[in-house]
Every structure is written in C-alpha cells, then in structure tokens.
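Residue numbers (the working numbering), protein chains in the order written: chain A, 1 to 116; chain B, 117 to 228.
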C-alpha cells in the first residue's frame with residue numbers, strides 16, 4: 001500500500017531564511033509522481049511542485065525545489081528566502097503510475113510559520 | 117478562466133439526513149476527484165472519475181457515500197443518513213493532461 005509520512009507537525013522559520021519540509025513515502029510501484037501543495041488559512045489548495053519517479057533532476061519552481069532522494073524514498077520540499085506569505089499548511093502527496101491523472105495520497109501536513 | 121466551483125460552501129445538517137454536494141469542474145477537464153479533509157488532517161481520497169471509464173470508488177468510506185458525474189462535467193457527492201463523523205470539508209478537484217489537480221474551495225459539512 002502507498003503511504004506518505006510527514007513527521008513535522010509544525011515548523012518555524014525566520015523570514016528570508018530557507019526551510020526544508022520533510023516527506024517520506026512508501027510504494028512498491030516503479031513509476032509514481034510526488035507532489036507538494038500549499039494550503040493557506042483560507043483553505044484553498046495551491047499546487048507547488050511535481051517530481052516524477054524517473055525524472056533525473058530535482059524539480060524546481062521559483063523559490064521551491066524538491067530534494068528527491070529515490071533510494072531513501074524521500075521528497076523534501078525546500079523553500080528558499082522565506083516570505084511571510086509562505087505561512088501555511090504544506091502537504092506532500094503521491095500518485096501511483098506514470099499517467100498524469102489519478103488519485104493522490106496525502107500526508108498529514110506540516111504547518112509552517114514564518115517569523116518576521 | 118473559471119476555476120473549480122463547489123456548492124454549497126457551507127452545509128449544516130442533522131444526523132440522519134441526506135446531503136448532496138455539487139462540484140463544477142473546469143470546462144473540458146476529463147478527470148474529477150473528490151477528497152475529504154477532517155479538521156487539521158490531510159486530504160483523504162474518496163472517488164475519481166476519468167472520462168467514460170468506470171469510477172475509482174476505492175476511497176468511499178461506506179455505502180452511505182455515492183457520487184455521480186453527469187455528462188462528463190458536473191458531479192454530485194451524496195451522503196445518506198449522515199453521521200457526526202461525516203463532518204469535514206469536502207474538496208473537489210479536476211485535471212486534464214497536466215499533473216496539477218485544480219482544487220475547488222470546498223464544502224464545509226457540519227452534522228449536528
């Protein structure tokens with residue numbers, strides 16, 4: 001069975017510093033996708049970044065990068081130069097298979113608070 | 117363009133009543149998903165529609181839950197004989213060919 005584990009219920013970071021949010025996953029499928037979503041207090045789900053299991057390079061999107069370590073089954077999100085608007089809940093998720101559609105399995109989330 | 121919309125935004129019901137939650141996906145999106153988020157928790161997959169294929173119902177927690185997607189567009193999630201543990205935010209998402217699932221604002225269901 002697939003499983004996503006986020007071990008950090010809450011994190012603090014100083015504004016302008018970098019922060020890493022941890023995510024480990026468990027799957028026996030050779031092909032899968034890994035996602036990070038942001039959920040501000042407003043409740044909307046905002047897609048941040050995607051990494052395919054066969055992608056050779058770590059995904060990057062602006063200030064977001066995904067530190068993909070396949071052998072360790074980890075997919076940590078790195079946010080550089082934190083901003084106050086980054087304060088939110090962050091969810092790691094996984095989708096099995098190589099198709100670009102399919103259900104997501106989510107972790108429990110990490111609450112990030114950025115301090116001014 | 118218009119995003120995913122859901123109605124109602126809030127629903128308060130009494131235990132034992134049936135409720136219907138509606139999702140309007142982004143026009144042209146062939147995939148539609150329902151998730152549930154309990155307070156302070158991650159999202160739990162409920163059901164997934166892809167085009168004309170049989171839906172993936174593997175996440176529905178009991179036979180009180182059902183969903184339909186009419187004409188490949190609008191979807192309705194129905195919960196029969198609601199229980200207090202059904203209280204949650206119900207989120208709908210849609211996608212086409214990209215990896216990104218576009219989420220709606222959710223329906224907050226409270227069962228008294």
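We treat Cβ as the ideally placed atom computed from N, Cα and C, and that holds for glycine.
Cβ separation of residue i and residue j, assumed to be a contact under 8 Å, to the nearest whole Å
{"i": "residue 135 of chain B", "j": "residue 225 of chain B", "result": "7 Å"}
{"i": "residue 131 of chain B", "j": "residue 227 of chain B", "result": "6 Å"}
{"i": "residue 59 of chain A", "j": "residue 69 of chain A", "result": "That belief does not hold up - the Cβ atoms of residue 59 of chain A and residue 69 of chain A are roughly 13 Å apart, past 8 Å."}
{"i": "residue 223 of chain B", "j": "residue 124 of chain B", "result": "6 Å"}
{"i": "residue 116 of chain A", "j": "residue 15 of chain A", "result": "5 Å"}
Neighbour-count burial assignment, residue i, 16 or more Cβ in a 10 Å radius
{"i": "residue 47 of chain A", "result": "buried"}
{"i": "residue 198 of chain B", "result": "buried"}
{"i": "residue 204 of chain B", "result": "buried"}
{"i": "residue 164 of chain B", "result": "buried"}
{"i": "residue 206 of chain B", "result": "buried"}
{"i": "residue 75 of chain A", "result": "buried"}
{"i": "residue 200 of chain B", "result": "exposed"}
{"i": "residue 6 of chain A", "result": "buried"}
{"i": "residue 155 of chain B", "result": "exposed"}
{"i": "residue 10 of chain A", "result": "exposed"}
{"i": "residue 169 of chain B", "result": "exposed"}
{"i": "residue 89 of chain B", "result": "Residue 89 of chain B lies beyond the range of chain B shown here (117 to 228); nothing can be said about it."}
Residues that residue i contacts on chain A, provided the C-beta gap is smaller than 8 Å
{"i": "residue 196 of chain B", "result": "Correct list: empty, because the minimum Cβ distance to chain A is about 23 Å."}
{"i": "residue 221 of chain B", "result": "43 and 44"}
{"i": "residue 175 of chain B", "result": "103"}
{"i": "residue 118 of chain B", "result": "Ordered by position in chain A, no residue passes the 8 Å Cβ test against residue 118 of chain B, which lies about 15 Å from the chain."}
Beta-carbon neighbours of residue i, restricted to chain A and to distances below 9 Å
{"i": "residue 161 of chain B", "result": "103, 104, 105 and 106"}
{"i": "residue 205 of chain B", "result": "43"}
{"i": "residue 183 of chain B", "result": "Result: empty, since nearest Cβ-Cβ is about 13 Å, beyond 9 Å."}
Separation of residue j from residue i, as counted between CA atoms
{"i": "residue 77 of chain A", "j": "residue 102 of chain A", "result": "22 Å"}
{"i": "residue 157 of chain B", "j": "residue 89 of chain A", "result": "10 Å"}
{"i": "residue 56 of chain A", "j": "residue 122 of chain B", "result": "38 Å"}
{"i": "residue 159 of chain B", "j": "residue 45 of chain A", "result": "10 Å"}
{"i": "residue 62 of chain A", "j": "residue 79 of chain A", "result": "9 Å"}
{"i": "residue 219 of chain B", "j": "residue 210 of chain B", "result": "7 Å"}
{"i": "residue 84 of chain A", "j": "residue 42 of chain A", "result": "15 Å"}
{"i": "residue 142 of chain B", "j": "residue 72 of chain A", "result": "37 Å"}
{"i": "residue 174 of chain B", "j": "residue 100 of chain A", "result": "19 Å"}
{"i": "residue 13 of chain A", "j": "residue 216 of chain B", "result": "27 Å"}
Beta-carbon contacts of residue i that lie in its chain and below 8 Å, excluding the five residues immediately before and after
{"i": "residue 93 of chain A", "result": "4, 34, 35, 36, 37, 104, 105, 106 and 107"}
{"i": "residue 171 of chain B", "result": "163, 164, 165, 183 and 185"}
{"i": "residue 39 of chain A", "result": "45, 46, 88, 89, 90, 91 and 109"}
Same chain, Cβ closer than 6 Å to residue i, five either side skipped, listed in chain order
{"i": "residue 235 of chain B", "result": "This structure cannot settle anything about residue 235 of chain B, because the visible part of chain B is limited to 117 through 228."}
{"i": "residue 8 of chain A", "result": "22 and 110"}
{"i": "residue 126 of chain B", "result": "224"}
{"i": "residue 137 of chain B", "result": "193, 206 and 223"}
Cross-chain neighbours of residue i in chain B, by beta carbon under 8 Å
{"i": "residue 100 of chain A", "result": "211, 213, 214 and 215"}
{"i": "residue 120 of chain A", "result": "Any answer about residue 120 of chain A is impossible in this case: the structure gives chain A only from 1 up to 116."}
Beta-carbon contacts of residue i that lie in its chain and below 7 Å, excluding the five residues immediately before and after
{"i": "residue 96 of chain A", "result": "2, 27, 29, 32 and 102"}
{"i": "residue 182 of chain B", "result": "194"}
{"i": "residue 86 of chain A", "result": "79, 112 and 114"}
Listed by chain order, chain B residues near residue i by CB distance under 9 Å
{"i": "residue 91 of chain A", "result": "158 and 159"}
Cross-chain neighbours of residue i in chain A, by beta carbon under 7 Å
{"i": "residue 166 of chain B", "result": "101"}
{"i": "residue 170 of chain B", "result": "Residues of chain A passing the Cβ test: none, with the nearest at roughly 14 Å."}
Per-residue contacts from residue i into chain B (C-beta, under 7 Å)
{"i": "residue 109 of chain A", "result": "158"}
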